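*Asks:* The structure that follows is given in the form of structure tokens.
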Amino acid sequence: MEDDFPIDHDEKVLLSLGYKQEFKREFSLWTSFCVSFAVLGLLPSFASTLFYGMGYAGTAGMVWGWIIAMIFIQCVALSLAELCSSMPTSGGLYYASAVLAPPGWGPVASWATGWSSWIGQVTGAPSVNYSAAAMILAARSITDPNYVQTKWELFLLTTFLMLVQSCISSMPTRWIAMFNSLGSSFNMVVVIIVIILIPAATTTDPKFAPSRQVWGTIGNGTDFPNGIAILMSFISVMWAMSGFDAPFHLSEECAIADVASPRAIVLTSAIGGIFGWVLQVVVAYTVVDIGAVIASDLGQPWATYLLQVLPQKAALATLALTIIASFSMGQGCMVAASRVTYAYARDGCFPLSRFWRKVNRHTKTPVNAVWFNCTIGVLLCLLIFAGEIAILAIFSVGAIACFVAFTIPISLRVFFVGSRFRRGPWHLGNFGKPIGAAAVAFVVLMVPILCLPPLIGSNLNSVNMNWTCLVYGGPMLIALLWFAIDARKWYKGPRVNVKHAMIGQVIKDLGREV
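Numbering (my numbering), first residue to last: 1258 to 1771.
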């Protein structure tokens, strides 16, 4: 491997993309995978989104929905990995959009991709920590039946978790890599433990539901037809799997990034998909009362489910493991989001970008970007005071924002560049275009589906309304209006190297053709 890739290979690749090396390359294939797997956080992701997967379509929606969605999500991951091998930079998605867009469209393509990706990234940590805080308070409710949680306690606990994770994310890269390696290993071990523990320790009689019921009964919890309900339940798998792009954003800190980073993306999606589906099957076969789980007097469906199927001590132990895994996941989200913020600030996408793009001279990490994201995350957590439906909207927003950002450069690669695409050492060969087309079609279908409210007509009100359109569409509309009114005059996209941008024609910059 060292003969094929000299020591300065990564720096040369990065320079060819228009950037100088600023980070230490202390991530490997394994540690990059660890960060992205920690961001996935299968068990806490499943626990956080159980309301959607089980509540919208029942057990059949859980087991079939995960399989169907994962096929297309794997297409997205494969296409993204190919782009990562070609352009291994922290800017990732928005850099690729700028390079692949037709002449004159690079700035707006990268602007839209960057803002959508950032919205998805910045909602990751607060949504995970909100769920972790809810599980902690649910555990207290289990041990103290007289305890009644308040919104202030939930908000302050969520904020505390984010502050601790921000401190960890401000450390030197080697410490972050070590922490995430331990966290990812813990996540993998915990998933396996829970998959084995629940069937073995369940106290229900019978222990398992009939297969015909599990695979064939759609418990439609919406006012839409069964098919739409199953599609709506995809939010659980899409949100759970939306972190597989983390190696792309960490590629400037990874050795042999144009090979290791795309491999980490594919490994994360594949392994996460398999283990996630097995966990879905276990829960689908053992759940007793879906209605009680969704209603959740404890304020957290996963905690209610565990009490249904396990003795109290075993349920509390499993809940504790989930909380620890959630913390690791939240910290991984914080790291990935800070690298995205750094990359976009480096090219002037944010107000005060000069400040947010600074790399701390002691830790060699983007500390300012970490705390900028933490501040935004705490502000998002104020949605807790607007009610459960409002704060839960950040899950839909995270899924939509991330997958829209994934899809823009993939669609440009498939429909506008085609065979002229400059491949990296890791690529899909002749399968690149059909796999990319399937990925784009899936996301185009799912974006409006994920914006649908579960109830319609006279049943729809402000309490059960799906506010995803507002929470995601509002900031995106503001960003696009900003570009149309002002940013288009000065924002020319990332600093693309001319040679790399030669896809079919020579481009002087992203704004005009020479």
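All C-beta atoms in this analysis are idealised placements derived from N, C-alpha and C, irrespective of residue type, glycine included.
These figures come from a predicted structure and were not determined experimentally.
For Y1601 and T1316, I'd like the C-alpha separation in whole angstroms.
*Replies:* Distance between the alpha carbons of Y1601 and T1316 is about 41 Å.
*Asks:* For A1338, does the count of other Cβ atoms within 10 angstroms reach 16, so buried, or fall short, so exposed?
*Replies:* The residue in question, A1338, is buried, as its Cβ has 16 or more Cβ neighbours within 10 Å.
*Asks:* Is it true that the CB of S1293 sits closer than 9 Å to the CB of F1501?
*Replies:* Closer than 9 Å, so yes.
*Asks:* How would you call W1559, buried or exposed, if buried means at least 16 neighbouring beta carbons within 10 angstroms?
*Replies:* With 16 or more Cβ atoms within 10 Å of its Cβ, W1559 is classed as buried.
*Asks:* What are the residues that DSSP puts in a beta bridge with C1511?
*Replies:* Paired residues: F1284.
*Asks:* Taking DSSP as the reference, what is the three-state secondary structure of F1308?
*Replies:* Three-state result, F1308: helix.
*Asks:* Taking the Cβ atom as the reference point for each residue, do V1671 and S1336 lie within a distance shorter than 9 Å?
*Replies:* Yes. Within cutoff.
*Asks:* Restricting to Cα atoms, I'd like to know which of L1411, T1407, Q1470 and F1688 is closest to N1386.
*Replies:* Per the Cα distances, L1411.
*Asks:* Would you mind stating whether F1303 and L1639 have Cβ atoms separated by less than 9 Å?
*Replies:* Not in contact: F1303 and L1639 (Cβ atoms no closer than 9 Å).
*Asks:* Within 10 angstroms of the Cβ of V1701, are there 16 or more other Cβ atoms? Answer buried if so, exposed if not.
*Replies:* Classification of V1701: exposed, given that the 10 Å Cβ count is below 16.
*Asks:* Assign S1490 to one of three DSSP states: helix, strand, or coil.
*Replies:* Reduced to three states, the DSSP call for S1490 is coil.
*Asks:* For A1521, collect the residues of the same chain with a Cβ closer than 7 Å to its Cβ; drop the 5 residues on either side in sequence, then sort them by chain order.
*Replies:* Closer than 7 Å at the Cβ level, and outside the excluded window around A1521, lie L1286, S1289, F1290, S1293 and P1504.
*Asks:* In whole angstroms, what is the alpha-carbon distance linking W1683 and T1525?
*Replies:* Going by the C-alpha atoms only, they are around 16 Å apart.
*Asks:* Quick check: the region 1507 to 1518 against the region 1317 to 1332, are at least 3 beta-carbon pairs closer than 8 Å?
*Replies:* Verdict: no, contact absent.
*Asks:* Helix, strand or coil: which one does DSSP assign to M1498?
*Replies:* Correct three-state label for M1498: coil.
*Asks:* Tell whether a beta-carbon distance below 9 Å holds between C1659 and G1377.
*Replies:* Closer than 9 Å, so yes.
*Asks:* I'd like to check one pair, F1663 with A1694: are the Cβ atoms closer than 9 Å?
*Replies:* No; because the gap between Cβ atoms is not below 9 Å, this pair is not in contact.
*Asks:* Are the Cβ atoms of F1652 and I1492 separated by less than 9 Å?
*Replies:* Contact: yes.
*Asks:* Put A1726 into one of helix, strand or coil per three-state DSSP.
*Replies:* Note that residue 1726 is Cys in the sequence shown here, rather than Ala. Three-state DSSP puts C1726 in a helix.
*Asks:* Using 8 Å as the Cβ pair cut-off and three pairs as the minimum, do the region 1390 to 1405 and the region 1548 to 1567 touch?
*Replies:* Touching, yes, given that three or more Cβ pairs across the two stretches are closer than 8 Å.
*Asks:* Quick check: the Cα distance between I1760 and V1544, rounded to an integer number of angstroms?
*Replies:* Caution applies to I1760, whose pLDDT of 44 falls short of 50 and renders its modelled position unreliable; the value that the coordinates give is listed next. Distance between the alpha carbons of I1760 and V1544 is about 53 Å.
*Asks:* Touching or not, the region 1435 to 1455 and the region 1466 to 1486, by the rule of three or more beta carbon pairs under 8 Å?
*Replies:* Contact between the region 1435 to 1455 and the region 1466 to 1486 is absent, because fewer than three Cβ pairs lie under 8 Å.
*Asks:* Return the CA-CA distance between P1360 and I1513, expressed in angstroms with no decimal places.
*Replies:* In a straight line, the C-alpha of P1360 is about 31 Å away from that of I1513.
*Asks:* Grab me the residues of F1443's own chain with a C-beta within less than 8 Å of its C-beta, minus the 5 sequence neighbours each way, in chain order.
*Replies:* Excluding sequence neighbours, F1443 sits near I1581, A1582 and S1585.
*Asks:* Using only the alpha-carbon positions, how far apart do S1384 and L1649 sit?
*Replies:* C-alpha separation (whole angstroms): 8 Å.
*Asks:* Using DSSP with H/G/I as helix, E/B as strand and the rest coil, what is G1681?
*Replies:* Of the three classes helix, strand and coil, the one that applies to G1681 here is coil, per DSSP.
*Asks:* Is the beta carbon of I1399 sitting closer than 9 Å to the one on L1555?
*Replies:* Contact flag set, yes.
*Asks:* Given this structure, state the Cα-to-Cα distance separating V1539 from D1546, to the nearest angstrom.
*Replies:* Each residue's alpha carbon lies about 15 Å from the other.
*Asks:* What residue from L1717, Q1422 and T1346 has the CA that sits closest to P1632's CA?
*Replies:* Reading the sequence as shown, one finds Thr at residue 1632 and not Pro. Of the candidates L1717, Q1422 and T1346, the one whose C-alpha sits nearest the C-alpha of T1632 is Q1422.
*Asks:* In three-state terms, what does DSSP make of P1711?
*Replies:* DSSP places P1711 in coil when its eight states are reduced to three.
*Asks:* Which whole-angstrom value describes the C-beta separation of L1297 and M1498, a residue pair presumed to lie in contact below a C-beta threshold of 8 Å?
*Replies:* The Cβ separation is near 7 Å, so the contact holds.
*Asks:* Within the continuous alpha helix (DSSP H) that includes W1372, where are the two ends?
*Replies:* That run of the alpha helix (DSSP H) goes G1363 to V1379.
*Asks:* For A1594 versus N1630, is the C-beta distance shorter than 9 Å?
*Replies:* Their beta carbons are under 9 Å apart, which means A1594 touches N1630 by this criterion.
*Asks:* Measure the alpha-carbon distance for W1362 versus G1714 and round it to whole angstroms.
*Replies:* Rounded to whole angstroms, W1362 to G1714 spans 41 Å at the Cα level.
*Asks:* Nearest to V1270 by CA position, among C1511, A1434, Y1309 and M1319, is which residue?
*Replies:* Selected option, being the one with the closest Cα: C1511.
*Asks:* Can you tell me whether P1751 is buried or exposed? The criterion is at least 16 other CB atoms within 10 Å of its CB, across all chains shown.
*Replies:* The residue in question, P1751, is buried, as its Cβ has 16 or more Cβ neighbours within 10 Å.
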